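S.K.:
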Amino acid sequence: MGLIRTILGGGARDLTQAVGQVADGFRPNATQAMQNGHDAYIAALNQHGTEFQFGRQGWFDSLMNGFNRLPRPMLALGTIGLFIFAMVDPAGFAPRMQGLALVPDPLWWLLGAIVSFYFGARELHYARRPRVRGAAPVTEVAAPKRNRPTTNAALEAWRATRGG
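At position 13 of the sequence shown (counting the first as 1) the number is 332 in our numbering, and the numbers step up by one without a gap.
1. From G439 to L430, what does the alpha carbon distance come to, in whole angstroms?
2. Look at F412 and A405 and say whether their C-beta atoms are less than 8 Å apart.
3. Starting from Q417, trace the alpha helix (DSSP H) both ways and give me its first and last residue.
4. Hey, how far is the Cα of R441 from the Cα of V341?
5. Are the CB atoms of P390 and Y445 within a distance shorter than 8 Å?
6. Just the C-alpha distance for M375 and A410, rounded to the nearest angstrom, thanks.
7. Looking at C-alpha atoms only, which residue of T398, W477, D358, A432 is the closest neighbour of M416?
8. So what does DSSP say about G344, is it helix, strand or coil?
9. Closer than 6 Å by C-beta to R388: which residues in its own chain qualify, once you throw out the five before and the five after it? Chain order, please.
10. Where in the stretch 363-397 do unbroken runs of the alpha helix (DSSP H), each at least 4 residues long, occur, reported from the N-terminal end onward?
11. Can you give the Cα-Cα distance for T369 and W428, rounded to whole angstroms?
12. Would you tell me roughly how many angstroms separate the C-alpha atoms of W378 and G344, rounded to the nearest one?
13. Alpha carbon to alpha carbon, what distance is there between D408 and F371?
14. Once you ignore the five residues that flank Q366 on each side, which residues in its own chain have a CB closer than 7 Å to its CB?
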């Protein structure tokens, strides 16, 4: 066995390495691909972190945040306003609603998609962002003490049957 290992040892090792290199040419190394993907992910996270490491909340940012918060209340109040308008001036409300009825269906679908994506993106943004402000510190709560028996009757019966 030692003679065969001596004769074929170096050649088999070289042959194995050559086959591995040829195979890597046709099928990439899965471990290396996973490592490269992980490195790219870490690089993207680091770049994102450096872009947002300084919080710049100037007057323009505050103004834009205010504008971004307007559509939801405006849609809600506008809908309530339509109900009030229908009760106050039904004769003026009817032709306007007939005009809305003439809007083609693809335009309604487009409006629905825009509104859905806008609010969906906002919900996703707030769902993904970490909640730092107002988060209560996590504290370990001790379990209430219970009056537990110090002996286990089933275990004691089992020990008695074993003689131990």
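Even glycine gets a Cβ: it sits at the ideal position worked out from N, Cα and C. The structure displayed is predicted, hence computed values, not measured ones.
M.R.: Reading from the atomic positions:
1. On the sequence shown, position 120 is the one that residue 439 refers to. On the sequence shown, position 111 is the one that residue 430 refers to. Taking C-alpha positions only, G439 is separated from L430 by approximately 14 Å.
2. Within the sequence shown, the letter at position 93 stands for residue 412. Within the sequence shown, the letter at position 86 stands for residue 405. The answer is yes: Cβ separation under 8 Å.
3. Here the question's residue 417 lines up with position 98 in the sequence shown. From DSSP, the alpha helix (DSSP H) with Q417 extends over 409-420.
4. As a working mapping, residue 441 is identified with position 122 in the sequence shown. As a working mapping, residue 341 is identified with position 22 in the sequence shown. Rounded to whole angstroms, the gap between the alpha carbons of R441 and V341 is 50 Å.
5. The residue given as residue 445 occupies position 126 in the sequence shown. The residue given as residue 390 occupies position 71 in the sequence shown. Against a cut-off of 8 Å, the Cβ pair of P390 and Y445 comes out as no contact.
6. As a first step, residue 375 is located in the sequence shown; it is residue number 56 there, counting from the start. As a first step, residue 410 is located in the sequence shown; it is residue number 91 there, counting from the start. Looking at the sequence itself, residue 375 is Arg, so the reference to Met does not match. Whole-angstrom Cα-Cα distance: 51 Å.
7. In the sequence shown, the residue the question calls residue 416 occupies position 97. In this structure, T398 is the residue among T398, W477, D358, A432 with its C-alpha nearest to the C-alpha of M416.
8. For this step, residue 344 is matched to residue 25 along the sequence shown. G344 falls in the helix class under three-state DSSP.
9. Residue numbering aside, residue 388 sits at position 69 when the sequence shown is read from its first letter. Non-local beta-carbon contacts of R388 in its own chain, meaning distances under 6 Å to residues more than five positions away in sequence, are absent.
10. Listed in chain order, they are 378-387.
11. On the sequence shown, residue 369 is found 50 positions in, with the first residue counted as 1. On the sequence shown, residue 428 is found 109 positions in, with the first residue counted as 1. Computed Cα separation, rounded: 40 Å.
12. For this step, residue 378 is matched to residue 59 along the sequence shown. For this step, residue 344 is matched to residue 25 along the sequence shown. Cα atoms of W378 and G344: separation of roughly 56 Å, rounded to the nearest angstrom.
13. Stepping through the sequence shown from its first residue, residue 371 is reached at position 52. Stepping through the sequence shown from its first residue, residue 408 is reached at position 89. Taking the Cα positions, F371 is about 51 Å away from D408.
14. What you label residue 366 is simply residue 47 of the sequence shown in a count that begins at 1. Spatial neighbours of Q366 in its own chain (CB-CB distance under 7 Å, excluding positions within 5 residues in sequence) are not present.
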